[in-house]
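*Asks:*
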Amino acid sequence: MIGLFGGTFDPFHNAHRALAKHAVEQLGLEQLIVMPVGRAPHKERRTSFACYRYEMARLGTTGLEHVVVSDDEIRTPGVDYTYHTVKRLKENLGDRLQHLISGSDVLLSIDSWYRPDALLKEVDLAVALRGDADRRMLEGQRQAIEEKYGCRVVFFDMPKMNLSATEIRESLEDKGKSQDTCPLEVESFLTQYRPYDFAFEFESMDDDQWQTLLDIEEWAWDFHPQERRLHAASVAQYAARLAAIYGEDIELAALSGLVHDVAKNLPQEERQHLAEAYFDMYPTEKERLGTCITKELAHGPASAMLVWNESGVRSEKLSEAIALHSSASADMSRFSEILFLADKVAYDRKFDRLDDIRELAESGDMYGAMRLCLIEVLDALGRNNERPCPLTLDASRDYNVI
Ligand SMILES: [Fe+2]
Ligand SMILES: [Fe+2]
49 MIGLFGGTFD PFHNAHRALA KHAVEQLGLE QLIVMPVGRA PHKERRTSFA
99 CYRYEMARLG TTGLEHVVVS DDEIRTPGVD YTYHTVKRLK ENLGDRLQHL
149 ISGSDVLLSI DSWYRPDALL KEVDLAVALR GDADRRMLEG QRQAIEEKYG
199 CRVVFFDMPK MNLSATEIRE SLEDKGKSQD TCPLEVESFL TQYRPYDFAF
249 EFESMDDDQW QTLLDIEEWA WDFHPQERRL HAASVAQYAA RLAAIYGEDI
299 ELAALSGLVH DVAKNLPQEE RQHLAEAYFD MYPTEKERLG TCITKELAHG
349 PASAMLVWNE SGVRSEKLSE AIALHSSASA DMSRFSEILF LADKVAYDRK
399 FDRLDDIREL AESGDMYGAM RLCLIEVLDA LGRNNERPCP LTLDASRDYN
449 VI
């Protein structure tokens, strides 16, 4: 018997973990599929990047037996309706998928779901009763649902917990802490990645712009392993912050972060081919740019080309920034400087000069930040016995590093 437990998990907190654990134990599930929603049908608020919510669900269920986290809804284009997800899962699982697991609020909200009658013909509802629940009232609601839809609703117990994702996010925004409301692994993720620390930059975008970003994240999903998705989202956040400080296009900056490494995990030959196609677009610059087509640096121009060809977003400014994000160059545009820096000092990074570079960048001293960042890049190359490429040397002269 398999259960499905969906949610935004923004963030994944202790009540989510307790619900998953008690569902498995009390319903005797062979498997519980935890499913972070890709695009929620009810848009009460904007959800965070999918890779963050997916990561928190993975971290938050660490050590729970029979629990798996699925990115099925995240990878599926468009709005995710539970009915469609259940039908899709049942193609493989058949009737072993038996329970839709939820908190008791579902008893009041199920009528407003997409096709509840069809959904409840496919699966039973398994509803968590918290220690402080009003059992008589919920029993009444249970009977009403069973009668209305001709379905089965079962209860299972979980401890009393009053946690609200909204309050946790607010506490993280205000105090930088979630006050022990999330599993330990999620806490340390939140401390490092600070997904709710960018409200100012993100709220300056309208809903359509935010949607474009989520669409682009979805487009890039399969190009990236999970670690790189987190890096991309982290760079997107930091690039948006710098764009806000320097008066650049915040949406385009965030977008550049999401896609800047999109070709990095392609097979070497494909990456090389894309990089060459990019250089072909700039015949006069080809010789200079082509000097940087070494194995590692080819992923910049290759990503630029892939975005240009396949993402539906075409912008010269974006292309140039992506192409140069790894090497830098002389005469970089402000926008390209922003992506270069965000890539090096986003919250997923750890190295000694990080805070100094962030401080310079956030105080408005772009030249100082670029200069210090290039010093770090040259030092890092030196530590690995690697030589800087000609473009990086051009940049180093331009910012008076050498
Ligand atoms: Fe990169
Ligand atoms: Fe990167």
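Letter by letter, the sequence shown follows residues 49 to 450 in our numbering.
Note that the Cβ used here is the ideal one computed from N, Cα and C, for glycine as well.
Note that this is a predicted model, so its numbers are computed, not measured.
(1) Measure the alpha-carbon distance for R183 versus I193 and round it to whole angstroms.
(2) Within its chain, find whatever has a CB closer than 6 Å to the CB of R277; leave out the 5 residues flanking it on each side and keep chain order.
(3) Within the structure, which residues are defined as neighbours of ligand 1 by a Cβ-heavy atom distance below 7 Å, reported in chain order?
(4) Just how far apart, CA to CA, sit D263 and E275?
(5) Tell me where the beta strand (DSSP E) around P349 begins and ends.
(6) Is there contact between the stretch 226 to 238 and the stretch 55 to 63, where contact requires at least three CB pairs shorter than 8 Å?
(7) Can you determine whether any heavy atom of ligand 2 sits closer than 7 Å to the C-beta of H279, and answer yes or no?
(8) Roughly how many angstroms separate the alpha carbons of T124 and N313, rounded to a whole number?
(9) Are there any heavy atoms of ligand 2 lying less than 7 Å away from the beta-carbon of V283, as far as the coordinates show?
(10) With C-beta atoms as the reference, is A291 less than 8 Å away from I370?
(11) Look up G126 in the DSSP assignment and say whether it is helix, strand or coil.
(12) Which same chain residues end up closer than 8 Å to R163 when comparing Cβ atoms and leaving out the 5 residues on each side of it in sequence?
(13) For K169, is the classification buried or exposed, using 16 other Cβ atoms within 10 angstroms of its Cβ as the cut-off for buried?
(14) For the 8 Å Cβ check, are there 3 or more pairs between the stretch 250 to 257 and the stretch 72 to 82?
(15) DSSP state of I450, grouped into three classes?
(16) I want to know whether the stretch 279 to 295 touches the stretch 326 to 336 - three or more CB-CB distances under 8 Å.
(17) If contact is defined by three or more beta carbon pairs under 8 Å, each pair taking one atom from either stretch, is the stretch 405 to 419 in contact with the stretch 431 to 440?
(18) Please state the DSSP three-state secondary structure of D430.
(19) So G305 is in the alpha helix (DSSP H); what residue range does that whole segment cover?
(20) Using 8 Å for Cβ pairs, my map puts G51 next to H147. What's the rounded Cβ distance?
(21) Using only the alpha-carbon positions, how far apart do V154 and W267 sit?
(22) To test your reading of the DSSP string, which unbroken beta strand (DSSP E) runs of 3 or more residues are found completely within the stretch 59 to 88?
(23) Which runs of the alpha helix (DSSP H) spanning at least 4 residues fall entirely within the stretch 159 to 211, listed in chain order?
(24) By how many angstroms is the C-alpha of S377 removed from the C-alpha of G108?
(25) Report the residue from A68, R93, A71 whose alpha carbon sits nearest the alpha carbon of W258.
(26) Among residues of its own chain, excluding the 5 on either side of D180, which ones have a beta-carbon nearer than 6 Å to its beta-carbon?
(27) With C-beta atoms as the reference, is R106 less than 8 Å away from V117?
(28) Exposed or buried, I122, counting other C-beta atoms within 10 Å across all chains shown (16 or more means buried)?
(29) Let's test the definition: count the other Cβ atoms within 10 Å of the Cβ of K392 and tell me whether it reaches 16, buried, or not, exposed.
(30) Helix or strand or just coil, what does DSSP make of H90?
(31) Restricting to Cα atoms, I'd like to know which of R144, S381, D205, D270 is closest to S152.
(32) Please classify S411: does DSSP put it in a helix, a strand, or coil?
(33) If you drop the 5 nearest sequence neighbours on each side, which residues of the same chain put their C-beta closer than 7 Å to that of S359?
(34) Taking the DSSP output, what are the residues bridged to S150?
(35) Under a Cβ-count criterion, where at least 16 other Cβ atoms within 10 Å of its own Cβ denotes burial, should M380 be classed as buried or exposed?
*Replies:* The short version:
(1) By 1-based counting over the sequence shown, the position of residue 183 is 135. By 1-based counting over the sequence shown, the position of residue 193 is 145. Roughly 15 Å between the two C-alpha positions.
(2) Here residue 277 is taken as the residue at index 229 of the sequence shown, counted from 1. Same-chain partners within the cutoff: C99.
(3) H308, D309, K312, H347, G348, H373, S374, D391
(4) Against the sequence shown, residue 263 aligns to sequence position 215. Against the sequence shown, residue 275 aligns to sequence position 227. About 19 Å.
(5) In the sequence shown, counting from the first residue as 1, residue 349 sits at position 301. Segment 347 to 358 is the alpha helix (DSSP H) holding P349; no beta strand (DSSP E) there.
(6) yes
(7) Within the sequence shown, residue 279 is the residue found at index 231, counting from 1. Result yes, Cβ under 7 Å from ligand 2.
(8) As a working note, residue 124 is residue 76 in the sequence shown. As a working note, residue 313 is residue 265 in the sequence shown. If I take the Cα positions, the gap works out to 21 Å.
(9) Within the sequence shown, numbered from 1, the residue matching residue 283 stands at position 235. Yes - ligand 2 has a heavy atom lying nearer than 7 Å to the Cβ of V283.
(10) In the sequence shown, counting from the first residue as 1, residue 291 sits at position 243. In the sequence shown, counting from the first residue as 1, residue 370 sits at position 322. Result no, Cβ atoms of A291 and I370 do not sit closer than 8 Å.
(11) For this step, residue 126 is matched to residue 78 along the sequence shown. In this structure, G126 counts as coil in the three-state DSSP scheme.
(12) The residue labelled residue 163 in the question sits at position 115 within the sequence shown. Cβ neighbours of R163 beyond the five flanking positions: Y129, Y131.
(13) The sequence position of residue 169 within the sequence shown is 121, counting from 1. K169 is exposed by the Cβ-count criterion.
(14) no
(15) If you number the sequence shown from 1, residue 450 lands on position 402. Here I450 sits in coil by DSSP.
(16) no
(17) no
(18) Counted from its first residue, the sequence shown places residue 430 at position 382. First, the amino acid is wrong: residue 430 is Gly here, not Asp. Looking at G430 - three-state DSSP - the assignment turns out to be helix.
(19) Position 257 of the sequence shown, counting from 1, holds the residue named residue 305. Looking at the DSSP string, the run of the alpha helix (DSSP H) that includes G305 is 298 to 307.
(20) To locate residue 51, count along the sequence shown from 1; it is residue 3. To locate residue 147, count along the sequence shown from 1; it is residue 99. Going by Cβ atoms, the distance from G51 to H147 rounds to 4 Å, so yes, they are a contact pair.
(21) Numbered from its first residue, the sequence shown carries residue 154 at position 106. Numbered from its first residue, the sequence shown carries residue 267 at position 219. Roughly 31 Å between the two C-alpha positions.
(22) 79 to 84
(23) 164 to 170, 183 to 197
(24) Within the sequence shown, residue 108 is the residue found at index 60, counting from 1. Within the sequence shown, residue 377 is the residue found at index 329, counting from 1. Using only the alpha carbons, I get a separation of about 42 Å.
(25) Here residue 258 is taken as the residue at index 210 of the sequence shown, counted from 1. Comparing Cα-Cα distances from W258 to each of A68, R93, A71, the minimum goes to R93.
(26) On the sequence shown, position 132 is the one that residue 180 refers to. Excluding residues within five positions, the ones whose Cβ falls inside 6 Å are K208.
(27) Translated into positions along the sequence shown, residue 106 becomes position 58. Translated into positions along the sequence shown, residue 117 becomes position 69. The answer is yes: Cβ separation under 8 Å.
(28) As a working mapping, residue 122 is identified with position 74 in the sequence shown. It is buried - the Cβ of I122 has at least 16 other Cβ atoms within 10 Å.
(29) As a first step, residue 392 must be located in the sequence shown, where it is residue number 344. K392 is buried by the Cβ-count criterion.
(30) Here residue 90 refers to the residue found at position 42 when the sequence shown is read from its first residue. Coil.
(31) As a first step, residue 152 is located in the sequence shown; it is residue number 104 there, counting from the start. Closest option to S152, Cα to Cα, is D205.
(32) By 1-based counting over the sequence shown, the position of residue 411 is 363. DSSP places S411 in coil when its eight states are reduced to three.
(33) For this step, residue 359 is matched to residue 311 along the sequence shown. Cβ within range, chain order: I264, W267, V307.
(34) For this step, residue 150 is matched to residue 102 along the sequence shown. Answer is V175.
(35) Here the question's residue 380 lines up with position 332 in the sequence shown. Buried.
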